[in-house]
Amino acid sequence: MLSHNPRKFFWKMEKIQKEQSASKRVLCATLSRAKKNGYLKEVEIKNQKILQLTPKGQIKISKHMRDNRLKTWDKKWRILMFDIPEKNRAKRNILRQKLRELGFRQYQLSAWICPFDYTKELEYLINELNLEQYIKYFIGDSIKGEDELKEKFSLN
Numbered sequence: 004m005l006s007h008n009p010r011k012f013f014w015k016m017e018k019i020q021k022e023q024s025a026s027k028r029v030l031c032a033t034l035s036r037a038k039k040n041g042y043l044k045e046v047e048i049k050n051q052k053i054l055q056l057t058p059k060g061q062i063k064i065s066k067h068m069r070d071n072r073l074k075t076w077d078k079k080w081r082i083l084m085f086d087i088p089e090k091n092r093a094k095r096n097i098l099r100q101k102l103r104e105l106g107f108r109q110y111q112l113s114a115w116i117c118p119f120d121y122t123k124e125l126e127y128l129i130n131e132l133n134l135e136q137y138i139k140y141f142i143g144d145s146i147k148g149e150d151e152l153k154e155k156f157s158l159n
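Position one of the sequence shown corresponds to residue 4 (my numbering), numbered consecutively onward.
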């Protein structure tokens, strides 16, 4: 029932809710799979258990929702630079993969650029990977070679 595409997952959940014909068992299985995959976690607030979206879930959803967010560009460039030690190579590779998934492009070896605001997603990711001390994030109004970058991101 759970799709790898979060948009489909939530569409299915809405469909279940609207139809109210799905059994409790199907709903529980769907939520259980989302927890197992690390998209949801159970937390207790004021003696009540609730499901909460995890940072991994946030990143997965934002990846699939970015099409709607990317329709308007605020004319700012986001540059993420990192110098992550070799002992953290696995985390560095995860960071690179997630940057690609969010739509960042490699500008230089350890510098990535994107015209769209993914600050929240980056904060979740960087915090989850415990890489805060190795990363700098800049937001600027212009950059040399902007016309070429606009073409790469289809902003013309």
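Ideal Cβ placement from N, Cα and C applies to all residues, glycine included.
Cα-Cα separation, residue i to residue j
i	j	result
leucine 5	proline 58	In this prediction, leucine 5 has a pLDDT of 48, which is less than 50 and means its spatial position is unreliable; nothing more can be read from the coordinates.
lysine 49	leucine 98	35 Å
glutamate 135	isoleucine 87	10 Å
tyrosine 42	tyrosine 127	13 Å
alanine 114	isoleucine 138	10 Å
lysine 147	tyrosine 110	12 Å
asparagine 91	lysine 27	43 Å
arginine 95	serine 145	27 Å
lysine 52	lysine 39	17 Å
lysine 123	lysine 101	13 Å
leucine 56	alanine 93	24 Å
tryptophan 76	phenylalanine 156	11 Å
Proximity winner among the options, relative to residue i (alpha-carbon distances)
i	options	result
lysine 79	Glu124, Ile64, Lys123 and Ile116	Ile116
asparagine 3	Gly148, Asp77, Phe85 and Gln109	With the chain running from 4 to 159 in the structure shown, residue 3 is simply not present.
isoleucine 143	Glu151, Arg10 and Phe119	Sequence inspection shows glycine at residue 143; the isoleucine mentioned does not correspond to that position. Cα-wise, what sits closest to glycine 143 is Phe119.
phenylalanine 12	Arg28, Val29, Lys27 and Thr33	Thr33
One or two residues paired with residue i in a DSSP bridge
i	result
cysteine 117	Arg81
leucine 54	Glu45
Whole-number beta carbon distance between residue j and residue i, since they are thought to touch under 8 Å
i	j	result
leucine 54	glutamate 45	6 Å
Original post:
At which residue ranges does the region 116 to 157 contain complete beta strand (DSSP E) runs of 3 or more residues, listed in the order of the chain?
Top reply: With a minimum length of 3 residues, the continuous beta strand (DSSP E) runs that stay inside the region 116 to 157 are 138 to 143.
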